[in-house]
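Numbering (full-length UniProt numbering), first residue to last: 1 to 648. Where a beta carbon is used, it is the ideal one built from N, C-alpha and C, also for glycine. Below is one structure, written out as structure tokens, with a few remarks after it.
Pasting the structure below:
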């Protein structure tokens with residue numbers, strides 16, 4: 001199903017929504033055409049408001065088509081074309097011509113309309129006039145011939161094969177409408193139909209691909225694809241304990257009561273009346289006096305910091321402003337409990353007292369939906385402080401983890417899969433990724449080392465689908481005849497490989513897929529799968545760059561926090577550039593002039609030692625004919641994955 005959003009641009013409608021007639025008309029037309037439209041907004045005729053709405057929808061990644069109405073004429077306040085044109089990445093002059101042609105066939109005044117159309121990332125944007133009549137005419141032209149349906153299919157990566165076949169067989173008049181197109185593609189809301197591009201693992205090694213059939217895409221494209229095909233898991237209610245760390249709040253939290261709930265003291269001392277003059281008083285305590293009964297006039301009440309004041313008192317004198325006069329004696333005649341104390345000063349009302357609600361008033365907003373419950377304890381402390389025993393949070397994804405390859409050995413259980421004299425290599429990826437995941441608070445299901453055969457791959461992936469929200473594998477993503485992950489995902493689970501190669505170093509063969517799964521708690525009924533390269537450094541780098549944003553999105557993290565923070569740093573030494581975007585492992589240290597990045601040494605993808613001591617990756621741009629290296633002192637961006645270090 002196509003997902004659309006409607007934006008009405010109108011000063012009058014933004015002040016009074018009932019004045020908007022065109023927006024509802026568009027939504028009604030979309031509904032009749034089986035196009036989903038849950039997003040509808042009205043903004044005033046000003047460019048920033050228009051741009052904010054458009055950018056927000058496009059960044060979300062789940063809107064296929066944005067239709068605006070209003071602000072396209074010659075009026076002084078008509079700014080829609082000027083607001084949207086700079087945002088368009090690819091303009092669609094053919095759609096503009098179609099809109100003008102249709103409108104001009106009804107009135108010559110349409111010559112004064114200034115529509116624009118094009119794409120922003122993977123979203124089609126079309127601007128329509130403000131009148132209901134023009135809107136209906138334009139929408140009919142866009143939908144009746146399947147123009148928008150075909151455009152969106154192509155934008156999302158499809159081939160348009162069905163439309164081209166219909167055109168060839170019956171002519172343009174038989175192109176399916178948006179509703180008919182939906183009927184044929186009801187099982188795929190966001191992506192092209194699964195394609196089987198991988199090699200056939202049952203064929204001889206000589207039949208394998210010599211050139212990867214998967215297009216090489218940019219880092220930015222890969223991150224957008226992940227964001228579009230991974231969605232947040234559900235919400236559940238959990239007790240407020242240390243186990244909340246790493247969860248994301250799914251509700252606004254208001255204080256259920258005043259804090260403190262009654263008057264308390266913020267010092268150690270004695271509660272009394274502000275009218276009590278200096279003098280000698282009997283000492284009462286919680287053991288000798290009910291705090292709900294007014295305090296006798298000849299007595300004071302001993303309190304410790306945080307303790308409640310008894311009825312009838314309004315101030316607290318500190319211990320330092322008193323003198324012990326007498327004590328009760330124990331059975332041996334030794335001093336025991338205080339009996340009488342002299343108050344040396346008179347204390348004004350409210351002194352050393354925390355009034356009810358002085359910290360938090362009942363109903364105050366103390367935490368917001370989307371807040372991250374950090375391991376430092378502040379959020380858990382706040383929830384406890386206001387007396388919240390349970391809270392709604394987003395589910396945290398469970399991760400299934402496996403390594404592939406007959407050459408691998410488990411360090412703790414070194415039983416070789418391959419025969420002969422092969423000594424094998426230690427499986428570095430599983431322990432290192434497990435450690436990283438555990439440190440982030442994720443539950444991990446360890447599926448072990450999987451041999452290089454189809455049956456073992458199928459069994460392991462099926463187990464992962466049955467028990468986890470995301471699958472993370474390493475190895476088996478390259479061009480060898482026993483690299484089985486892509487063919488198994490496509491041929492045995494009807495999964496979709498969204499990308500199989502990225503222009504990054506290390507990690508070119510990084511693969512992202514989704515597999516339809518009945519138990520999936522998010523991502524549109526599919527389970528995300530990341531197949532990372534087998535080289536240890538590549539696996540860890542791509543985990544931080546690609547997998548962590550997906551884990552955070554599954555767990556309900558705010559979009560702006562899904563990726564690790566990037567900070568400006570200066571290089572401590574020169575670095576050569578590569579034709580791909582490179583993540584150079586570094587130790588980021590703070591000095592008086594800011595942050596400096598020190599290389600951790602050789603960056604070979606198999607050299608996991610380059611990550612030992614690394615707390616970040618310098619993001620080196622692609623090499624160009626004009627620039628092949630960055631010199632020491634160059635300012636670059638770095639991804640921070642650990643604590644910033646002090647200078648040595």
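Among the options, the one whose alpha carbon lies nearest that of residue i
i           : options               : result
residue 313 : 425, 544 and 347      : 347
residue 474 : 465, 533 and 436      : 533
residue 34  : 100, 149, 40 and 62   : 149
residue 123 : 61, 105, 137 and 444  : 61
residue 590 : 570, 111, 536 and 601 : 570
residue 127 : 470, 6 and 472        : 6
residue 291 : 281, 36 and 271       : 271
residue 459 : 447, 247 and 278      : 447
residue 619 : 626, 641 and 259      : 641
residue 467 : 443, 335 and 363      : 443
residue 342 : 636, 283, 80 and 223  : 283
residue 304 : 335, 353 and 293      : 353
residue 355 : 329, 307 and 71       : 307
residue 11  : 626, 44 and 430       : 44
residue 428 : 525, 250, 535 and 49  : 535
residue 261 : 221, 359, 224 and 223 : 359
residue 574 : 592, 597 and 593      : 597
residue 622 : 151, 219, 120 and 157 : 219
residue 47  : 592, 85 and 334       : 85
residue 132 : 546, 8, 526 and 309   : 8
residue 105 : 134, 114 and 130      : 134
Reduced DSSP secondary structure (H/G/I, E/B, other) of residue i
i           : result
residue 342 : strand
residue 24  : helix
residue 688 : With the chain represented from 1 up to 648, any question about residue 688 goes unanswered, as that position is not in the structure.
residue 164 : Its pLDDT being 49, under 50, residue 164 is placed unreliably by the model, and nothing is read from it.
residue 564 : coil
residue 90  : strand
residue 454 : helix
residue 493 : coil
residue 434 : helix
residue 335 : strand
residue 649 : Nothing about residue 649 can be read from this structure; the chain reaches only from 1 to 648.
residue 11  : helix
residue 661 : Since the first residue shown for the chain is 1 and the last is 648, residue 661 is missing from the structure and cannot be characterised.
residue 81  : helix
residue 582 : strand
residue 247 : coil
residue 445 : strand
residue 192 : At residue 192, the pLDDT of 37 sits below 50, so the modelled position is not reliable; the number obtained from the coordinates is stated separately. Reduced to three states, the DSSP call for residue 192 is coil.
residue 231 : coil
residue 486 : helix
residue 426 : strand
residue 554 : helix
residue 569 : strand
residue 329 : strand
residue 52  : helix
residue 108 : helix
residue 644 : coil
residue 380 : helix
According to DSSP, residues forming a beta bridge with residue i
i           : result
residue 127 : 68
residue 239 : 390
residue 576 : 629
residue 308 : 264
residue 318 : 269
residue 385 : Paired residue(s): none; residue 385 is not in a bridge.
residue 254 : 365
residue 40  : 6
Test: residue i CB closer than 7 Å to a CB of chain B
i           : result
residue 599 : Absent from the structure: chain B. Only one protein chain is present.
Query - At least 3 beta-carbon pairs within less than 8 Å: the segment 293 to 300 vs the segment 371 to 378 - result: no
Report task. With a floor of 3 residues, list each beta strand (DSSP E) that falls wholly inside the segment 510 to 551, ordered by position along the chain. Result -> 511 to 516 and 526 to 532
Query raised in the report: If you pair each beta-carbon of the segment 101 to 109 with each one of the segment 134 to 141, do three or more pairs fall below 8 Å?
Result: yes
Query raised in the report: Residue ranges of each beta strand (DSSP E) run of no fewer than 3 residues wholly in the segment 585 to 642, ordered along the chain?
Result: 594 to 599, 616 to 620 and 635 to 640
Query - Start-end ranges of the alpha helix (DSSP H) lying completely within the segment 110 to 154, minimum 4 residues - result: 132 to 144
Query - Given 8 Å, three or more beta-carbon pairs between the segment 447 to 454 and the segment 498 to 518 - result: no
Query raised in the report: Is the segment 385 to 403 close to the segment 245 to 258, with three or more CB pairs under 8 Å?
Result: yes
Requested in this report: Could you tell me whether the segment 227 to 234 touches the segment 542 to 559, where touching means 3 or more Cβ pairs closer than 8 Å?
Outcome: yes
**Report entry** Inside the segment 275 to 308 only - beta strand (DSSP E) runs reaching at least 3 residues
**Finding:** 279 to 284 and 299 to 303
Report task. Say whether the segment 260 to 268 touches the segment 315 to 324, bearing in mind that this needs 3 or more beta-carbon pairs closer than 8 Å, one atom from each stretch. Result -> yes
Query raised in the report: How about the segment 565 to 582 and the segment 625 to 639: do they share at least three Cβ pairs that are nearer than 8 Å?
Result: yes
Query raised in the report: Is there contact between the segment 428 to 437 and the segment 400 to 410, where contact requires at least three CB pairs shorter than 8 Å?
Result: yes
Query raised in the report: Can we say the segment 59 to 78 touches the segment 107 to 117, given the rule of at least three CB pairs closer than 8 Å?
Result: yes
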